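Asks:
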Amino acid sequence: MSKNPPILAAVVLASLSLLAPVGAQVVLNEILYDPVGVNTGQQVVEVQNLGPDPVDIGGYWLSFPPAAWKFPRPTNLPVGGILVVNMNHSGTNTATEFFTGTSGMRNLKSTDSLSLFKGEPFSDSTLLVDYVEWGVAGQSGEDVAVDADRWENGAAIQNSSLREGSSIAYKGSGFSALAWCVDGSPSLGAPNDGCTPSQAQSPVRINELVLGQLGSVELMNAGAVAEDLEGKLLVGRPPSAYRFPAGTLLLPGKLLLIHLGVTGTDGPSDLYTGGNFATFGPSDSVALFASSATGNSTFLIDFQEWGGTGLANENLAIQAGLWTAGTSLSTNGLIAGGSLAGMDGGSGPLKWVVDNTPTPGSPNTDPPSHSIRLNEVLVDTTLGEAQAVEIANTGGSAVSLAGYRLCTHSNLEPGKVVCGALPASAVVASGGFLVVRLGVNQEGRRGLAAGLPDARQLGR
Ligand SMILES: [Ca+2]
Ligand SMILES: [Ca+2]
Ligand SMILES: [Ca+2]
Ligand SMILES: [Ca+2]
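Pasting the structure below:
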């Protein structure tokens with residue numbers, strides 16, 4: 002024995018080096034299985050060469066039973082090189098970006114595993130290059146990965162903190178669940194840059210809020226991918242909460258109008274909360290959550306608050322970095338039937354304006370579409386001034402003119418505009434008329450300066 006140990010050691014070392022699988026330093030580096038918006042066609046797997054030599058991984062397999070996909074030959078991965086594979090998605094491969102196509106593929110799930118093999122069969126642990134499993138242990142391929150010393154028995158990446166839009170990322174060394182982290186700042190196609198807390202992301206934004214009776218929330222998909230809102234929650238003043246039903250798909254650039262406190266027949270762009278959701282008052286808040294776990298700020302997608310501070314869910318919005326303490330949307334000048342509208346540009350409350358010509362269901366940049374028009378003017382030919390104005394409503398529903406102002410401009414006094422507010426009781430029925438008799442002001446002119454518009458409703 003005394004002479005043998007050095008020789009044995011040399012033999013063992015040589016064997017290890019011979020048996021070391023080619024490409025052992027090629028790793029599954031990052032996985033985005035729950036991208037922002039719909040998952041199908043948006044999931045990404047990142048592979049990196051962390052070894053000292055370039056590797057041709059042409060012919061390597063990504064195995065996620067019952068699906069498997071093979072890298073085309075050749076696929077050169079230089080030292081430090083990174084490539085991404087778009088899962089269950091068709092496209093044209095480049096040197097660093099690949100598409101599995103859809104035939105025989107499936108989406109990765111929130112509890113799943115993925116193996117990288119350099120050949121078949123997938124039961125041969127000597128062919129395994131890397132392995133990862135998340136959610137719950139015991140996923141497909143775990144036994145082979147344990148045999149290959151690429152995973153620990155019964156280990157899985159704990160992903161309960163992962164919110165939509167976050168990835169799981171390899172930390173660069175080791176072969177176990179603890180070598181990975183949930184990353185709120187994915188880096189697909191680039192070296193992993195450390196893991197940050199995971200916060201729900203969504204392309205959907207609260208876009209317009211109509212307060213009071215006939216109130217609504219308008220949502221907009223401001224992103225580039227379709228959003229599946231199923232299971233997400235709109236939350237108003239407690240206990241008002243509305244869960245989006247199955248099949249609520251919002252395409253990029255599209256709007257969805259949620260009618261509050263009323264029942265109706267849901268359509269592709271209109272949903273009805275039913276009577277249990279309180280309409281918005283002059284001081285209220287609204288929140289959009291990614292899940293029914295509404296006490297958790299990491300599920301908060303968007304939030305707005307107006308007419309006051311410290312209202313429902315503001316604390317969570319501050320935690321989520323979506324809101325600044327002590328701020329709220331301005332309601333100055335808002336009249337009954339008006340809205341708060343988010344406009345392009347700006348951020349936070351500065352992005353929002355009072356819009357007394359609301360556009361529920363239409364883009365906020367659309368010109369207001371009125372059913373109210375000036376229909377006839379009775380002119381005093383002696384003075385050359387208006388004596389009475391008829392207002393018509395050509396729309397399909399009654400319109401309140403509360404807060405509206407009627408303004409006259411005298412030819413005799415260029416530049417002088419005289420306005421008067423219509424009374425709160427002024428309502429024009431659908432297809433109806435309202436005649437406003439102009440008063441005589443202190444200067445003997447007809448106008449509204451006297452504040453005495455004589456409005457009477459004329460039935461049709
Ligand atoms: Ca998703
Ligand atoms: Ca990161
Ligand atoms: Ca990365
Ligand atoms: Ca709108």
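With this note's numbering, the residue at position 374 of the sequence shown is 375, and numbering never jumps. Built from N, CA and C at the ideal position, the CB exists for glycine as well. Nothing here was measured: the structure is a model prediction, and the numbers come from that model.
(1) Taking 8 Å as the cut-off, does the region 226-237 touch the region 189-200 (at least 3 CB pairs, one atom from each stretch)?
(2) Is residue 270 near ligand 4, judged by its Cβ being under 6 Å from some heavy atom?
(3) To which residues of the same chain is residue 33 closer than 7 Å at the C-beta, ignoring the five residues directly before and after it?
(4) I'd like the list of long-range same chain contacts for residue 150, defined as Cβ closer than 8 Å, with 5 residues on each side in sequence excluded.
(5) Is any heavy atom in ligand 1 found nearer than 6 Å to the beta carbon of residue 36?
(6) Restricting to Cα atoms, I'd like to know which of 183, 159, 202 is closest to residue 195.
(7) The beta strand (DSSP E) with residue 381 in it runs from where to where?
(8) Would you check if the distance between the CB atom of residue 399 and the CB atom of residue 427 is smaller than 7 Å?
(9) Candidates 286, 52, 396, 226: which alpha carbon is nearest residue 218's?
(10) Once the 5 residues before and after residue 214 are set aside, which same chain residues still bring their CB inside 7 Å of it?
(11) What's the C-alpha gap between residue 117 and residue 323?
(12) Measure how close the beta-carbons of residue 282 and residue 212 come, nearest whole angstrom, since I'm counting them as under 8 Å.
(13) Buried or exposed for residue 56, please, with buried defined as at least 16 other CB atoms from any protein chain shown within 10 angstroms of its CB.
(14) Return the chain-ordered list of same chain residues with a C-beta closer than 7 Å to the C-beta of residue 41, the five sequence neighbours on each side being excluded.
(15) In or out: residue 157 buried (at least 16 other Cβ within 10 Å) or exposed?
(16) Is residue 380 buried or exposed, if buried means 16 or more other CB atoms sit within 10 Å of its CB?
(17) For ligand 2, is there any heavy atom lying closer than 6 Å to the beta carbon of residue 188?
(18) Select from 114, 111, 119, 78 the residue whose C-alpha is nearest the C-alpha of residue 99.
(19) Look at residue 258 and residue 350 and say whether their C-beta atoms are less than 7 Å apart.
(20) Apply the 10 Å Cβ neighbour rule to residue 406 and answer buried if 16 or more other Cβ atoms are within range, or exposed otherwise.
(21) Answer yes or no: the CB of residue 363 versus the heavy atoms of ligand 4, is any distance below 6 Å?
(22) To the nearest angstrom, how far is the alpha carbon of residue 239 from that of residue 251?
(23) Is residue 375 buried or exposed, if buried means 16 or more other CB atoms sit within 10 Å of its CB?
(24) Check the DSSP bridge columns for residue 211 and list the partner residues they point to.
(25) In whole angstroms, give me the CA-to-CA distance for residue 24 and residue 143.
(26) Check for me: the beta strand (DSSP E) holding residue 285 runs from which residue to which?
(27) Please return the same chain residues whose Cβ sits closer than 7 Å to the Cβ of residue 81, not counting the five positions on each side in sequence.
(28) Please go through the same chain and pick out, in chain order, the residues whose beta-carbon is closer than 7 Å to the beta-carbon of residue 129, but skip the five residues on each side of it.
(29) Quick one: Cα of residue 262 to Cα of residue 275, how far?
Replies: A quick look at the data gives this:
(1) no
(2) no
(3) 44, 45, 168, 187, 189
(4) 176
(5) yes
(6) 183
(7) 373-381
(8) no
(9) 286
(10) 280
(11) 39 Å
(12) 7 Å
(13) buried
(14) 89, 108
(15) buried
(16) exposed
(17) yes
(18) 78
(19) no
(20) exposed
(21) yes
(22) 26 Å
(23) exposed
(24) 217, 340
(25) Here residue 24 scores only 39 on pLDDT, less than 50, and its place in the model is too uncertain to base an answer on.
(26) 285-290
(27) 50
(28) 116, 118, 145, 146, 149, 151
(29) 5 Å
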